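Enquirer: If you scroll down you'll find the structure; I have some questions about it.
Protein chains: 2
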Amino acid sequence: MGEQGENWILMVTAQTPTNIAVIKYWGKRDESLILPINSSISVTLDPSHLCTTTTVSVSPSFKQDCMWLNGKEISLSGGRFQRCLREIRSRACDVEDEKKGFKIAKKDWEKLHVHIASYNNFPTAAGLASSAAGFACLVFSLAKLMNLKEDHGQLSAIARQGSGSACRSLFGGFVKWDMGKESDGSDSIAIPLVDEKHWDELVIVIAVVSAHQKETSSTSGMRDTVETSPLIQHRAKEVVPKRIVQMEEAISNRDFSTFAHLSCSDSNQFHAVCLDTSPPIFYMNDTSHRIISLVEKWNRSEGTPQVAYTFDAGPNAAMIARNRKVATLLLQKLLYCFPPQADADLDSYVIGDKSLLKEAGVGTMNDVDALAPPPELTTSVPAQRTKGDVSYFICTRPGKGPVLLTDENQALLDSKTGLPK
Amino acid sequence: MGEQGENWILMVTAQTPTNIAVIKYWGKRDESLILPINSSISVTLDPSHLCTTTTVSVSPSFKQDCMWLNGKEISLSGGRFQRCLREIRSRACDVEDEKKGFKIAKKDWEKLHVHIASYNNFPTAAGLASSAAGFACLVFSLAKLMNLKEDHGQLSAIARQGSGSACRSLFGGFVKWDMGKESDGSDSIAIPLVDEKHWDELVIVIAVVSAHQKETSSTSGMRDTVETSPLIQHRAKEVVPKRIVQMEEAISNRDFSTFAHLSCSDSNQFHAVCLDTSPPIFYMNDTSHRIISLVEKWNRSEGTPQVAYTFDAGPNAAMIARNRKVATLLLQKLLYCFPPQADADLDSYVIGDKSLLKEAGVGTMNDVDALAPPPELTTSVPAQRTKGDVSYFICTRPGKGPVLLTDENQALLDSKTGLPK
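Chains as they are written, first to last, in the working numbering: chain Y, 1322 to 1742; chain X, 1322 to 1742.
This is the structure:
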């Protein structure tokens, strides 16, 4: 180990995006390895709007493995953390730092402890798949720290064991999680389909919907579905495999109509099998339903899909607009139907890529009040304008995969103490 | 025809119950004959609380077929009315009234016109399957008027062509609609399983839930599901046939646990395939979801099901309590979670069998305010007590099939003019 005393600290900081599935993962065939009953496809979200930053560090002075999430110490004793740490440590390689004057041999990693600090640049508990970005970032940064030789695909199989959907956050653009066939999970990995530049007209608007009811965790929810739903196996074996092929083709061809149809149908089918679970699981609420109705009516009135929607295990809507022009129209319609509360600050009601708000011609609350009702809604029931049903909107786009942050100012741990800054 | 002038009027009045499916009908294999893709099972509701009364009359003085629904003239030109009228007329037999001194020969029926008046003893447009009771009553009363020799099963095949679920209203108790095999629909008929006395401990509470969104009609909804849902055929071919067998057995054995499990699961699966439709169909809303959560939590806390729930093509909940004691507890819990609005009249908030309200110890609005929170809810999220989410409750029970009303005071048409009273 180090030859000049034991005070050195080695540190790596990385940033990893979150992702949203357009063909859904729901149901495991192996609970402990986290092997899914079907493949899934996701779009990676731009990390400048939604991402996790993680700093991992190692030092002979550390007494135990520790982790801080958003500044608060959390336990690492959970099986999923332990499994990721174990898998990475077992693949660790020699690390030598001539400048700091130490060398860590492969075998030393078993004895060294790590400090981990992680931070989400978006509100936690907003149902925005923070565990996907979190476990991806943990695995990616630890792999760099411990000098693993594995490629991103092989790392994705480790991240998968932390949180299934985390494996898809190892790449940017559109990503497939191949369910694999092996019982050890070695081929249940993420595969990049196209990078984020392939289809760069797409704009994504996320409505963070206010939830009144406590939600079922996705871990227990998907277990209940696999155990009780008479429809889930038919979905996994007969429906999804065809959709995966069609979705890959739609993405490759930038065929928005097929992409939107598949995304919406698959989101709805995922929520259908949740409802087919005993007891039933409801993730979408009346606000989610209103957002779907708005998009469906608009798409039908245009004759061809303008916007795709997809909902994960919660009421939040992720809407994917075919281009920027459509996205500004979408934002106008959404702000009309779901205006901010009177005392709200518009600047915190629409976050992320704020230029979309400007392009939509909305700069002040008065501009929101002046918005015209979406014509496709007024033909039937007059649009409700209830305040408070949406907490805020995030404007974003497809984004890149994990990156290392080399600027020490971006590290979350102090390079002297190894504690959170 | 009549020998003593043409001024006679022949009149029949009947009363027919509505029904609620516990194994759901959703999807037709023949749109025009109304042949379903799966069999279904329903419970007939007590006509003293929910029923249709219909008076049909014939006279040589009538110039055309006319119908009044709840006092308002409606068109009989729709295909479903025409089909029922044609099917019944083609089976009409000789009728002779010695007292009034006329005879109608079989062949005369083609030339004679009918007047029909129908009345629902419950609010229309409340999503309470008024068309089921309505078409059953139309067919039953016309069959009596025209002296058909067909039995109730054969009449059910005619009522089915008016509204699918109407066929199940030809019998009391629990009723199976056998999907049949014949392409002409002759074997797609209702079959009585047990009469209303077989399982007379059951008590039914219906929550009429306030709907904000316009609902998809069941006719177009089930067509869309059959055309677009990848799950519906699996449900119809693989899931429902097994459930039909299990449900028949549960009813025969008065096995409430199995009955409740099947009823709830099948209701949820019906709504799941609605969600799997493109565009998705939402019949349940947040209030429906809260009712399900309440019942599910209570059933789990008791270890064995106390209450079954089922939802038709709308947000209303039909809850079936295993006995009267359970039903009073259910009503207390429901009134706690869904209290009437401050200016409401308790007497119009709980209708039907009002003795249940007395047994629940609730006589005044003060009694509602004094209700204790359901213990199974307080353990997690505190129960919301939002007023106005439920319009009213109907307390009822399994009931009898169609009956003739012989008291002329109960007729809806004037025996002299043939017009609504």
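Beta carbons are placed, not taken as given, at the ideal position from N, Cα and C, and that holds for glycine.
Here the structure is a predicted model, which means the values were calculated and not measured.
Please list the partners that Val-1711/X has in chain Y, where partner means a Cβ-to-Cβ separation under 8 Å.
Expert: Working through the second sequence from its first residue, we reach residue 1711/X at position 390. By Cβ distance, chain Y contributes nothing, its closest Cβ being about 15 Å from Val-1711/X, past 8 Å.
Enquirer: Suppose you measure from the CA of Gly-1323/X to the CA of Pro-1381/X; what does that come to, to the nearest Å?
Expert: Your numbering for residue 1323/X matches position 2 in the second sequence. Your numbering for residue 1381/X matches position 60 in the second sequence. Note that Gly-1323/X scores 43 on pLDDT, short of 50, meaning its location in the model is unreliable; the coordinates nonetheless yield the value given after this. Taking the straight line from one Cα to the other gives about 9 Å.
Enquirer: Identify the contact partners of Thr-1617/Y in chain X, using a Cβ-Cβ distance below 7 Å as the criterion.
Expert: Sequence index remark: in the first sequence, residue 1617/Y carries index 296 (1-based). Residue identity differs from the one stated: residue 1617/Y is Glu in this sequence, not Thr. Result: Pro-1600.
Enquirer: For Asp-1367/X, count neighbouring C-beta atoms within 10 Å of its own C-beta (all shown protein chains included) and say buried if the count is 16 or more, exposed if not.
Expert: Along the second sequence, read from residue 1 onward, the residue named residue 1367/X stands at position 46. With 16 or more Cβ atoms within 10 Å of its Cβ, Asp-1367/X is classed as buried.
Enquirer: Can a CB atom of chain Y be found closer than 8 Å to the CB of His-1519/X?
Expert: By one-based count along the second sequence, residue 1519/X stands at place 198. No - not a single Cβ of chain Y is within 8 Å of the one on His-1519/X.
Enquirer: Could you tell me the alpha carbon to alpha carbon distance between Glu-1352/X and Arg-1489/X, rounded to whole angstroms?
Expert: As a working note, residue 1352/X is residue 31 in the second sequence. As a working note, residue 1489/X is residue 168 in the second sequence. Going from the Cα of Glu-1352/X to the Cα of Arg-1489/X covers about 18 Å.
Enquirer: How is Ser-1452/Y classed by DSSP in three states: helix, strand or coil?
Expert: Taking the first residue of the first sequence as 1, we reach residue 1452/Y at position 131. Three-state DSSP puts Ser-1452/Y in a helix.
Enquirer: Please identify the residue among Lys-1427/X, Leu-1354/X and Ala-1454/X whose C-alpha is closest to the C-alpha of Val-1364/X.
Expert: In the second sequence, counting from the first residue as 1, residue 1364/X sits at position 43. Minimum Cα distance to Val-1364/X is reached at Ala-1454/X.
Enquirer: Bridge partners for Val-1671/Y per DSSP, in chain order?
Expert: Here the question's residue 1671/Y lines up with position 350 in the first sequence. Answer is Phe-1714/Y.
Enquirer: Look up Asp-1351/Y in the DSSP assignment and say whether it is helix, strand or coil.
Expert: Your numbering for residue 1351/Y matches position 30 in the first sequence. Three-state result, Asp-1351/Y: strand.
Enquirer: Which runs of the beta strand (DSSP E) fall wholly inside the segment 1424 to 1488 of chain Y and span at least 3 residues, in chain order?
Expert: Whole beta strand (DSSP E) segments, 3+ residues: 1434 to 1441.
Enquirer: Which residues in chain Y have a C-beta closer than 7 Å to the C-beta of Asp-1607/X? List them in chain order.
Expert: Taking the second sequence and counting its residues from 1, one reaches residue 1607/X at position 286. Neighbours of Asp-1607/X on chain Y, chain order: Asn-1606 and Asp-1607.
Enquirer: Let me know the secondary structure DSSP gives Asp-1521/Y once reduced to three states.
Expert: Indexing the first sequence from 1 puts residue 1521/Y at position 200. Looking at Asp-1521/Y - three-state DSSP - the assignment turns out to be coil, as it is neither helix nor strand.
Enquirer: Which value, in whole angstroms, describes the spacing of the CA atoms of Phe-1603/X and Tyr-1604/Y?
Expert: Locating residue 1603/X in the second sequence gives position 282, where the first residue counts as 1. Locating residue 1604/Y in the first sequence gives position 283, where the first residue counts as 1. Each residue's alpha carbon lies about 13 Å from the other.
Enquirer: I'd like to know whether the C-beta atoms of Lys-1744/X and Ile-1358/X end up nearer to each other than 8 Å.
Expert: Residue 1744/X lies beyond the residue range present for chain X, which begins at 1322 and ends at 1742; the question has no answer from this structure.
Enquirer: I want to verify the contact list: residues of chain X whose CB lies under 8 Å from the CB of Ser-1584/Y, in sequence order.
Expert: Position 263 of the first sequence, counting from 1, holds the residue named residue 1584/Y. Result: empty, since nearest Cβ-Cβ is about 11 Å, beyond 8 Å.
Enquirer: Using a Cβ-Cβ cutoff of 8 Å, what residues of the segment 1554 to 1581 of chain X are near chain Y? List them in chain order.
Expert: Here the close residues are His-1555, Arg-1556, Glu-1559 and Val-1560.
Enquirer: Ignore the nearest five residues each way along the sequence and tell me which others in Gln-1325/X's own chain have a CB closer than 6 Å to its CB.
Expert: Here the question's residue 1325/X lines up with position 4 in the second sequence. Legend: pLDDT at Gln-1325/X = 47, less than 50; position of this residue unreliable, value from coordinates given subsequently. Counting only Cβ-Cβ distances below 6 Å, and skipping sequence neighbours, we find Gly-1422.
Enquirer: Under DSSP, the beta strand (DSSP E) around Thr-1374/Y begins and ends at which residues?
Expert: In the first sequence, residue 1374/Y corresponds to position 53, counting from 1. Unbroken beta strand (DSSP E) run through Thr-1374/Y: 1372 to 1380.
Enquirer: Considering only their Cβ atoms, is the gap separating Val-1530/X from Thr-1579/X smaller than 8 Å?
Expert: Here residue 1579/X refers to the residue found at position 258 of the second sequence. Here residue 1530/X refers to the residue found at position 209 of the second sequence. Not in contact: Thr-1579/X and Val-1530/X (Cβ atoms no closer than 8 Å).
Enquirer: By the criterion of Cβ-Cβ separation under 7 Å, what are the contact partners of Phe-1603/Y in chain X?
Expert: To locate residue 1603/Y, count along the first sequence from 1; it is residue 282. Near Phe-1603/Y (Cβ distances below 7 Å), the residues of chain X are His-1610.
Enquirer: If you scan the segment 1485 to 1571 of chain X from start to end, which runs of the alpha helix (DSSP H) of 4 or more residues do you find wholly inside it?
Expert: For the segment 1485 to 1571 of chain X, whole alpha helix (DSSP H) runs of length 4 or above, ordered along the chain, are 1539 to 1549.
Enquirer: In the DSSP output, what is Ile-1362/Y paired with across the bridge?
Expert: Walking along the first sequence from the start, residue 1362/Y turns up at place 41. The partner list for Ile-1362/Y (beta bridge, DSSP) reads Ile-1344/Y and Lys-1497/Y.
Enquirer: Which residue's Cα is closest to the Cα of Leu-1476/Y: Thr-1625/Y, Cys-1387/Y and Ile-1510/Y?
Expert: The sequence position of residue 1476/Y within the first sequence is 155, counting from 1. Leu-1476/Y has its Cα closest to that of Ile-1510/Y, out of Thr-1625/Y, Cys-1387/Y and Ile-1510/Y.
Enquirer: Sorted by chain position, which residues of the same chain lie with C-beta nearer than 8 Å to Ser-1507/Y's C-beta, five sequence neighbours on each side aside?
Expert: Sequence index remark: in the first sequence, residue 1507/Y carries index 186 (1-based). The answer, listed in chain order, is Ala-1478 and Gly-1501.
Enquirer: Would you kindly work out how many angstroms separate the C-alpha atoms of Phe-1284/X and Leu-1406/X, rounded to a whole number?
Expert: Any question about residue 1284/X goes unanswered here, given that chain X covers just 1322 to 1742.
Enquirer: Please compile the residues from chain X whose C-beta is within a distance smaller than 9 Å of the C-beta of Ile-1613/Y.
Expert: Sequence index remark: in the first sequence, residue 1613/Y carries index 292 (1-based). Ordered by position in chain X, the residues that pass the 9 Å Cβ test against Ile-1613/Y are Pro-1600, Pro-1601 and Phe-1603.
Enquirer: Whose Cβ in chain Y lies nearer than 9 Å to the Cβ of Val-1515/X?
Expert: The sequence position of residue 1515/X within the second sequence is 194, counting from 1. What Val-1515/X touches in chain Y: nothing, since even the nearest Cβ is about 26 Å away.
Enquirer: Could you confirm whether any beta carbon from chain X is found closer than 8 Å to the beta carbon of Leu-1698/Y?
Expert: Numbered from 1 along the first sequence, position 377 holds the residue referred to as residue 1698/Y. Not closer than 8 Å to any Cβ of chain X, the Cβ of Leu-1698/Y fails to qualify, so no.
Enquirer: Please confirm if Leu-1390/Y has its CB atom under 8 Å from at least one CB of chain X.
Expert: Locating residue 1390/Y in the first sequence gives position 69, where the first residue counts as 1. Chain X contact via Cβ: absent.
Enquirer: Taking C-beta pairs closer than 7 Å, name the residues in chain X that Leu-1651/Y reaches, listed in chain order.
Expert: Here residue 1651/Y is taken as the residue at index 330 of the first sequence, counted from 1. Correct list: empty, because the minimum Cβ distance to chain X is about 17 Å.
Enquirer: With a cut-off of 8 Å, does the C-beta of Ala-1454/Y fall near any C-beta of chain X?
Expert: Residue mapping note: residue 1454/Y aligns to position 133 of the first sequence, counting from 1. Closer than 8 Å: no.
Enquirer: With the cut-off set at 8 Å, would you say Ser-1360/Y and Trp-1498/Y are in Cβ contact?
Expert: Sequence index remark: in the first sequence, residue 1360/Y carries index 39 (1-based). Sequence index remark: in the first sequence, residue 1498/Y carries index 177 (1-based). Yes; because the gap between Cβ atoms is below 8 Å, this pair is in contact.
Enquirer: Where Ser-1538/X and Leu-1678/X are concerned, what is the direct C-alpha to C-alpha distance, given to the nearest angstrom?
Expert: For the purposes of this step, residue 1538/X is taken as residue 217 along the second sequence, with counting starting at 1. For the purposes of this step, residue 1678/X is taken as residue 357 along the second sequence, with counting starting at 1. When rounded, the distance between both Cα atoms is 33 Å.
Enquirer: Once DSSP output is grouped into helix, strand and coil, what is the label at Val-1683/X?
Expert: For the purposes of this step, residue 1683/X is identified with residue 362 of the second sequence, where counting begins at 1. Looking at Val-1683/X - three-state DSSP - the assignment turns out to be coil, as it is neither helix nor strand.
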